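Following: one structure in structure tokens, then a few remarks.
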Amino acid sequence: MENTAIGFPPTTIAVFVALAVIALAIDLFTHKSDKPVSLTNAAVWSVFWVLISLAFAGYLYYAHGPSVASLFVTGYALEKVLSVDNLFVFMAIFAWFKIPDALRHRVLYWGIIGAIVFRLIFVAIGTGLLAFGPWVEVLFAVVVAWTAIMMLRSKEEDEEEDYSKHMAYRFAKKLFPVWPKLHGHNFFVSRSELEKEITKPQNKGMTLVGKGALFATPLFLCVVVVEVSDILFAFDSVPAVIAVSREPLIVYSAMMFAILGLRTMYFVLEALKRYLVHLEKSVIALLFFIAGKLALNATDHLFGHGISIDPNTSLIVVLVVLAIGIVASIIFPGKEEEQSDVKNDTNA
Numbered sequence: 001m002e003n004t005a006i007g008f009p010p011t012t013i014a015v016f017v018a019l020a021v022i023a024l025a026i027d028l029f030t031h032k033s034d035k036p037v038s039l040t041n042a043a044v045w046s047v048f049w050v051l052i053s054l055a056f057a058g059y060l061y062y063a064h065g066p067s068v069a070s071l072f073v074t075g076y077a078l079e080k081v082l083s084v085d086n087l088f089v090f091m092a093i094f095a096w097f098k099i100p101d102a103l104r105h106r107v108l109y110w111g112i113i114g115a116i117v118f119r120l121i122f123v124a125i126g127t128g129l130l131a132f133g134p135w136v137e138v139l140f141a142v143v144v145a146w147t148a149i150m151m152l153r154s155k156e157e158d159e160e161e162d163y164s165k166h167m168a169y170r171f172a173k174k175l176f177p178v179w180p181k182l183h184g185h186n187f188f189v190s191r192s193e194l195e196k197e198i199t200k201p202q203n204k205g206m207t208l209v210g211k212g213a214l215f216a217t218p219l220f221l222c223v224v225v226v227e228v229s230d231i232l233f234a235f236d237s238v239p240a241v242i243a244v245s246r247e248p249l250i251v252y253s254a255m256m257f258a259i260l261g262l263r264t265m266y267f268v269l270e271a272l273k274r275y276l277v278h279l280e281k282s283v284i285a286l287l288f289f290i291a292g293k294l295a296l297n298a299t300d301h302l303f304g305h306g307i308s309i310d311p312n313t314s315l316i317v318v319l320v321v322l323a324i325g326i327v328a329s330i331i332f333p334g335k336e337e338e339q340s341d342v343k344n345d346t347n348a
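In our numbering, the protein residues as written are 1 to 348.
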């Protein structure tokens with residue numbers, strides 16, 4: 001790949017910031033209600049983010065020539081391919097926390113906004129921050145495999161009422177005050193409000209552990225886990241995009257537009273899962289594959305055993321496994337109660 005450090009005038013930076021801020025504002029305003037994202041809505045927004053990315057590529061072509069636009073498109077496509085794994089990890093995280101469909105867009109929106117900030121730090125510091133990558137990837141591979149096992153054992157449809165036994169809650173409460181129940185779509189709840197909550201019959205026996213004025217909810221814990229998972233995947237994607245171009249704006253804009261577009265693609269996959277009853281099995285299989293890929297790539301960096309899975313092979317595996325899940329759902333559509341659930345979701 002060609003390395004370049006061309007620098008950009010303030011006008012180009014302003015165009016990028018304006019496009020990003022306006023698009024994010026439209027997205028946030030459009031999805032401010034707590035409703036599940038439909039397949040049509042998710043597909044439309046996926047196209048929207050592709051068009052925004054192409055619009056910026058078009059401006060680069062007009063203002064700086066085809067070579068610069070080509071670098072952006074190459075970085076954008078590479079980040080998109082390398083970040084596909086995030087989709088399935090996000091799905092597993094939501095299954096682990098048993099987050100209702102209506103709240104998932106809110107979690108992903110703010111989780112990835114945070115990830116965008118951290119990606120900016122990664123780009124600003126450069127690859128030096130990524131020196132910890134291989135060891136972190138080994139640990140993350142274990143976490144992904146464990147999450148796949150938990151997803152295999154549990155039923156996502158069962159909504160969690162009390163998170164007091166949840167691993168994330170037990171760990172987080174040692175660091176800051178946490179309320180063990182979802183509280184609407186709030187990430188934090190005030191102590192005064194919770195003092196009223198514990199008087200309700202359904203909360204009998206519950207106490208407020210900690211002295212803080214604000215208590216985090218399980219929804220906030222889910223955001224943190226989503227954000228951390230995205231940052232960990234950056235250990236692979238950031239160096240790859242930096243290899244395309246050393247120009248910070250090219251690297252950062254390519255990653256940002258790819259990540260935001262990927263978030264809406266998640267809802268396409270999530271919506272399809274409601275209609276294709278065997279697609280979730282494909283997702284679980286892919287989680288095990290992702291764990292193996294992370295472990296092989298990381299240990300190859302550490303020990304040089306020469307076994308790793310390149311992005312093109314990974315993408316082919318993802319497409320094939322998803323295709324198997326789709327075909328299986330068409331041939332074996334599932335039990336009548338599963339089909340009736342899909343109809344109820346559609347009517348809702």
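All C-beta atoms in this analysis are idealised placements derived from N, C-alpha and C, irrespective of residue type, glycine included. In this text the structure is predicted, and so the values were computed from the model without any measurement.
Out of the options, point me to the one whose CA is closest to residue i's CA.
i	options	result
G235	H64, F140 and S46	This sequence places Phe at residue 235; Gly is not what is there. Taking only the C-alpha atoms, the option nearest F235 is F140.
W146	P218, L221 and V89	V89
D86	S229, L322, A328 and A254	A small fix is needed here, since residue 86 is Asn in this sequence, not Asp. The shortest C-alpha separation from N86 is found at S229.
Let me check one thing: in DSSP terms, what residues is residue i bridge-paired to?
i	result
A63	DSSP lists no partner for A63.
V189	F215
Below 8 Å on the Cβ atoms is my contact criterion, and I expect residue i with residue j to pass it. Report the Cβ-Cβ distance as a whole number of Å.
i	j	result
M91	E227	Contact doesn't hold; Cβ gap of about 16 Å is too wide.
A43	V268	6 Å
F8	L286	Contact flag wrong, Cβ pair sits at about 38 Å.
L260	W49	5 Å
D162	K181	6 Å
V189	F215	5 Å
L54	V244	17 Å between Cβ atoms; not a contact.
L315	V84	7 Å
Output the distance between the C-alpha atoms of residue i and residue j, rounded to the nearest integer angstrom.
i	j	result
A291	S237	16 Å
Y275	I52	29 Å
N312	S192	53 Å
E157	K98	Annotation note: pLDDT 49 at E157 (below 50); position unreliable, coordinate value reported separately. Whole-angstrom Cα-Cα distance: 7 Å.
T217	T74	40 Å
I113	T30	16 Å
L60	H278	43 Å
V318	S33	32 Å
Could you give the DSSP three-state label for residue i: helix, strand or coil?
i	result
A213	coil
V268	helix
V37	coil
V178	strand
M150	helix
A18	helix
T127	Its pLDDT being 49, under 50, T127 is placed unreliably in this model, and the value from its coordinates should be taken loosely. If DSSP states are grouped into helix, strand and coil, T127 belongs with the helices.
M206	coil
K281	helix
R246	coil
I309	coil
I330	helix
G304	coil
Is the beta carbon of residue i within less than 7 Å of some heavy atom of the ligand MG?
i	result
V68	The ligand MG is not part of the structure shown, which contains no ligands of any sort.
Establish whether the CB of residue i and some CB of chain D are separated by less than 8 Å.
i	result
F171	Annotation note: the requested chain D is absent from the structure, which comprises a single protein chain.
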